[in-house]
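Asks: What follows is a single structure, and I will ask about it in a moment.
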Ligand SMILES: Cc1cc2nc3c(=O)[nH]c(=O)nc-3n(C[C@H](O)[C@H](O)[C@H](O)COP(=O)(O)OP(=O)(O)OC[C@H]3O[C@@H](n4cnc5c(N)ncnc54)[C@H](O)[C@@H]3O)c2cc1C
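Numbering (this note's numbering), first residue to last: 153 to 400.
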């Protein structure tokens, strides 16, 4: 049984309950579309709000603008499973955070593609038990903030299929799949830490002023050049560490 049920997998809990846990990173995330306005241009806009609310508005289609909001919250709030409670939590995070936050708050009731959830990683001490094996976010959700969840899920599916084909039995295949993929997964998950999340969500006016200064610096041509060189090296290091096996 291959379980690819995503982050909230219920079957994972039934089979591997005690062996998996969520690593909460100290923030929540919302993602949805709002109607596009004439003043929305074709740039992405980011806004840092006091208290640690970070908003990105970016062009969606000709009729919608996409909203991404992340905000700090010390504890994981398990009471926000219903849509109304989720929206209340988001409205709290947007309150008094400026004109863009106000615009989003007033349009929230019309949103019909509302995604909301804690930023948590799935960490499992093992990905299989007997004939049962986890795949993708169900096994190792790295959180959307890494931008790597899809790559990990696809690489995992490829490796699992290849190992099932070339192994003598499922036990050998599941063990090889985990041995090959786990270091890549753990390296990806460890790139994101609660302190990094706090750093990108400045809470005070002073913190926001420092963030803006750093952003200006990062956007300068000189720093961009250095970054590009470093990024190319980091990418090739990761590729060196994880090479997709060639299956016949
Ligand atoms: C807002 C947002 C933005 C993201 N941005 C990016 C990005 O830029 N780059 C990136 O790489 N990743 C991104 N991700 C993460 C990416 O979407 C996931 O990592 C990826 O979809 C994981 O694939 P999956 O197949 O493992 O799980 P999922 O895509 O979650 O699919 C699991 C499926 O199983 C279904 N299911 C659950 N339980 C059962 C059941 N019992 N029976 C039948 N079906 C069931 C679910 O309904 C779902 O359709 C983002 C995620 C979100 C929420």
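Backbone N, C-alpha and C define an ideal beta-carbon position, used for all residues, glycine too.
None of these values were measured; they are calculated from a predicted model.
#1: Quick check on residue 397: buried or exposed, where buried means 16 or more other Cβ atoms within 10 Å of its Cβ?
#2: Of all the beta strand (DSSP E) runs that stay within the bounds of the stretch 230-302, which reach a length of 3 or more residues?
#3: Alpha carbon to alpha carbon, how far is residue 169 from residue 153?
#4: Can you give the beta carbon distance from residue 372 to residue 290, rounded, assuming they're within the 8 Å contact cut?
#5: Any heavy atom of ligand 1 closer than 7 Å to the Cβ of residue 300?
#6: If you reduce the DSSP assignment to three classes, tell me which class residue 329 lands in.
#7: Out of curiosity, what's the CA-to-CA distance linking residue 380 and residue 280?
#8: Confirm the yes/no value for this check: CB of residue 159, any heavy atom of ligand 1, distance under 7 Å.
#9: Quick one: is the Cβ of residue 264 within less than 7 Å of any heavy atom of ligand 1?
#10: For residue 187, does the three-state DSSP call read helix, strand or coil?
#11: Select from 283, 336, 245 the residue whose C-alpha is nearest the C-alpha of residue 203.
#12: Express the C-alpha separation of residue 260 and residue 385 in angstroms, rounding to a whole number.
#13: Between which two residues does the alpha helix (DSSP H) holding residue 346 run?
#14: Leaving out the 5 sequence neighbours to the left and right, which residues in its chain are closer than 6 Å to residue 333 when beta-carbon positions are compared?
#15: Going by Cα to Cα distance, which pick from 232, 223, 316 is closest to residue 284?
#16: Skipping 5 residues on each side, what residues in its chain have a beta carbon closer than 8 Å to that of residue 353?
#17: So for residue 215, helix, strand or coil by DSSP?
#18: Does any heavy atom of ligand 1 sit closer than 7 Å to the C-beta of residue 183?
#19: The beta strand (DSSP E) with residue 199 in it runs from where to where?
#20: Where does residue 208 fall in DSSP's three states?
#21: In the DSSP assignment, the alpha helix (DSSP H) including residue 166 goes from what residue to what residue?
#22: Determine the DSSP secondary structure at residue 180, reduced to helix, strand or coil.
Replies: Result, derived from the coordinates:
#1: Numbered from 1 along the chain shown, position 245 holds the residue referred to as residue 397. That one is exposed.
#2: 267-276, 284-286
#3: As a position in the chain shown, residue 169 is number 17, starting the count at 1. As a position in the chain shown, residue 153 is number 1, starting the count at 1. Cα to Cα, residue 169 sits roughly 16 Å from residue 153.
#4: The count along the chain shown starts at 1 and reaches residue 372 at position 220. The count along the chain shown starts at 1 and reaches residue 290 at position 138. Contact doesn't hold; Cβ gap of about 42 Å is too wide.
#5: Translated into positions along the chain shown, residue 300 becomes position 148. Yes, the beta carbon of residue 300 sits closer than 7 Å to at least one heavy atom of ligand 1.
#6: Counting from one through the chain shown, the residue named residue 329 turns up at place 177. Of the three classes helix, strand and coil, the one that applies to residue 329 here is helix, per DSSP.
#7: As a first step, residue 380 is located in the chain shown; it is residue number 228 there, counting from the start. As a first step, residue 280 is located in the chain shown; it is residue number 128 there, counting from the start. Distance between the alpha carbons of residue 380 and residue 280: 39 Å.
#8: Reading the chain shown from its first residue, position 7 is the one you call residue 159. Yes, since a heavy atom of ligand 1 falls inside the 7 Å radius drawn around the Cβ of residue 159.
#9: Your numbering for residue 264 matches position 112 in the chain shown. Checking the Cβ of residue 264 against ligand 1 gives no.
#10: Start at 1 with the first residue of the chain shown, and residue 187 comes out as number 35. The answer is strand: DSSP assigns residue 187 an E or B state.
#11: Sequence index remark: in the chain shown, residue 203 carries index 51 (1-based). Measuring from the Cα of residue 203, the nearest candidate turns out to be 245.
#12: Here residue 385 is taken as the residue at index 233 of the chain shown, counted from 1. Here residue 260 is taken as the residue at index 108 of the chain shown, counted from 1. When rounded, the distance between both Cα atoms is 42 Å.
#13: For the purposes of this step, residue 346 is identified with residue 194 of the chain shown, where counting begins at 1. Where residue 346 is concerned, the enclosing alpha helix (DSSP H) stretches over 346-352.
#14: As a position in the chain shown, residue 333 is number 181, starting the count at 1. So the list reads 308, 311, once near-sequence residues are dropped.
#15: The residue given as residue 284 occupies position 132 in the chain shown. With distances taken between Cα atoms, residue 284 lies closest to 316.
#16: Numbered from its first residue, the chain shown carries residue 353 at position 201. Cβ neighbours of residue 353 beyond the five flanking positions: 179, 200, 204, 205, 206, 222, 223, 224.
#17: For the purposes of this step, residue 215 is taken as residue 63 along the chain shown, with counting starting at 1. Residue 215: coil per DSSP, three-state reduction.
#18: In the chain shown, residue 183 corresponds to position 31, counting from 1. Result yes, Cβ under 7 Å from ligand 1.
#19: Residue numbering aside, residue 199 sits at position 47 when the chain shown is read from its first letter. Its beta strand (DSSP E) spans residues 197-201.
#20: In the chain shown, residue 208 corresponds to position 56, counting from 1. The answer is strand: DSSP assigns residue 208 an E or B state.
#21: Numbered from its first residue, the chain shown carries residue 166 at position 14. First-last of the alpha helix (DSSP H) with residue 166: 162-168.
#22: Locating residue 180 in the chain shown gives position 28, where the first residue counts as 1. Note: residue 180 maps to strand in three-state DSSP.
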